[in-house]
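Worksheet: one structure, shown below.
In my numbering, the protein residues as written are 1 to 372.
Okay, structure coming up:
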């Protein structure tokens, strides 16, 4: 827990480094929950004059309404703002199809943006207190009310819309939001730069593009109101997007694992297991040359690293080099004939089969079946 909160503290004195840590290590789920808790606390803190009395009358419903509104804000970030940032960044610096970039970078970028959201709210807490005690908040709200009344007088509006505009809680909420947003967008620029490794100007352009999209869609989403945060809709979205977000989370875990093993290999170049694990990650990404280099390095450190020999044999077979594959598999058999419950014999059989050496393939596969 402390390791996950450390980047949040660093946001205030080393924001670039903090975003790098969030990108590599912070789980998306933890970042989202932290953002939700801070948002709910900020709403109660800034609107307590209006919510305090309502809590005494219907506490559960008031808390549910505040939490639902906070969930709506986070959904707006996760579903619109983060994908928009991915789109504009990929537009400025082409990295592949939008769907591929979104799959690879959604989780680290969303985690970084949620941390930016949390840090911005933490800065806004004392600013809100200062604005209230100095009377600045009251002056701004009074001026806003005057402008609202002038607008209402010029427009034909339904009664419910007029009531919403005149609601002082809405004005306080808007004022509190304006205290937080500049810091949020500043940290968002750092997040985009660190996640995508782009220039500052491109990160700024991506965030500006995302802000414009949010500004354009906000009135539409506001009209939908509570529909977006209804429990039924949230459950449906979860069921529909469960597979996609599962893949996103697996990608983030793979990134974190890669980072940890890379650090281990850097701190201790003689750590064979770290090089082997890095090789597995490269192999999963179909980066065969990089995987081959890591497995070879693991064997140079420890010649009895049987799994590395096995994976090099598999890579040779993928690269249509049956002779090289057989040589590697023979190294495995010489060291551990029962490797992975005799899985080695199936790989040898498949390699001989690909090389049209049917007698050898039959012999290897028979050994595999005998030992199962």
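C-beta: ideal position from N, C-alpha, C; glycine also.
Note that the coordinates shown come from a computational prediction; the quantities given were computed from them, not determined experimentally.
Given residue 127, which residues of its chain have a CB within under 7 Å of its CB, disregarding the five upstream and five downstream residues?
The count along the chain shown starts at 1 and reaches residue 127 at position 127. Excluding positions up to five away in sequence, the list reads 179.
In its own chain, which residues sit with a C-beta less than 7 Å from the C-beta of residue 67, not counting the 5 before and 5 after it?
Here residue 67 corresponds to residue number 67 of the chain shown, with the count starting at 1. If we look at residue 67 and ignore the five residues flanking it on each side, its Cβ neighbours are 40.
For residue 300, does the count of other Cβ atoms within 10 angstroms reach 16, so buried, or fall short, so exposed?
Within the chain shown, the letter at position 300 stands for residue 300. Its Cβ having fewer than 16 others within 10 Å, residue 300 is exposed.
In the DSSP assignment, the alpha helix (DSSP H) including residue 47 goes from what residue to what residue?
Numbered from 1 along the chain shown, position 47 holds the residue referred to as residue 47. Premise fails: residue 47 is in no alpha helix (DSSP H) and is neither H nor E.
Given this structure, state the Cα-to-Cα distance separating residue 328 from residue 101, to the nearest angstrom.
Taking the first residue of the chain shown as 1, we reach residue 328 at position 328. Taking the first residue of the chain shown as 1, we reach residue 101 at position 101. If I take the Cα positions, the gap works out to 36 Å.
Going by DSSP in three states, residue 277 sits in which element: helix, strand or coil?
Along the chain shown, read from residue 1 onward, the residue named residue 277 stands at position 277. Collapsing the DSSP output to three states places residue 277 in a helix.
Measure the C-alpha to C-alpha separation of residue 88 and residue 207 and round it to an integer number of angstroms.
For the purposes of this step, residue 88 is taken as the residue at position 88 of the chain shown. For the purposes of this step, residue 207 is taken as the residue at position 207 of the chain shown. Cα to Cα, residue 88 sits roughly 8 Å from residue 207.
Counted within 10 angstroms of its Cβ, other Cβ atoms place residue 340 as buried (16 or more) or exposed
One-based indexing of the chain shown puts residue 340 at position 340. Any reading at residue 340 must be qualified, since the residue scores a pLDDT of 49, below 50, and its modelled position is unreliable; no value is offered.
Under 6 Å Cβ to Cβ from residue 313, same chain only, skipping five residues before and after it: list those, please.
Within the chain shown, the letter at position 313 stands for residue 313. Contacts found: 325, 328 and 329.
Give me, in chain order, the residues of the same chain whose beta-carbon lies closer than 7 Å to that of residue 8; leave out the 5 immediate sequence neighbours on both sides.
Here the question's residue 8 lines up with position 8 in the chain shown. If we look at residue 8 and ignore the five residues flanking it on each side, its Cβ neighbours are 115, 118 and 119.
Inter-residue Cα distance where the pair is residue 279 and residue 113
Sequence index remark: in the chain shown, residue 279 carries index 279 (1-based). Sequence index remark: in the chain shown, residue 113 carries index 113 (1-based). When rounded, the distance between both Cα atoms is 30 Å.
Could you round the C-beta distance between residue 122 and residue 85 to whole angstroms and report it? I think they count as a contact, below 8 Å.
Position 122 of the chain shown, counted from the first residue, corresponds to residue 122. Position 85 of the chain shown, counted from the first residue, corresponds to residue 85. Going by Cβ atoms, the distance from residue 122 to residue 85 rounds to 22 Å, so no, they are not a contact pair.
I need the straight-line Cα distance from residue 60 to residue 298, nearest angstrom please.
Along the chain shown, read from residue 1 onward, the residue named residue 60 stands at position 60. Along the chain shown, read from residue 1 onward, the residue named residue 298 stands at position 298. Computed Cα separation, rounded: 58 Å.
Classification of residue 351 by the beta-carbon crowding that lies within 10 angstroms, buried from 16 upward:
Along the chain shown, read from residue 1 onward, the residue named residue 351 stands at position 351. When all chains shown are included, residue 351 counts as buried.
Helix, strand or coil at residue 199 [DSSP, three-state]
Looking up residue 199 in the chain shown gives position 199. Residue state, collapsed to three classes: coil.
By DSSP, does residue 90 sit in helix, in strand, or in coil?
On the chain shown, residue 90 is found 90 positions in, with the first residue counted as 1. Helix.
Can you give the Cα-Cα distance for residue 378 and residue 303, rounded to whole angstroms?
Only positions 1 to 372 of the chain appear in the structure, and residue 378 is not among them; the question remains open.
Buried/exposed call for residue 111, threshold 16 Cβ in 10 Å
If you number the chain shown from 1, residue 111 lands on position 111. So residue 111 counts as buried.
Suppose contacts are defined by Cβ-Cβ distances below 8 Å. Is residue 191 in contact with residue 11 by that definition?
Your numbering for residue 191 matches position 191 in the chain shown. Your numbering for residue 11 matches position 11 in the chain shown. No.
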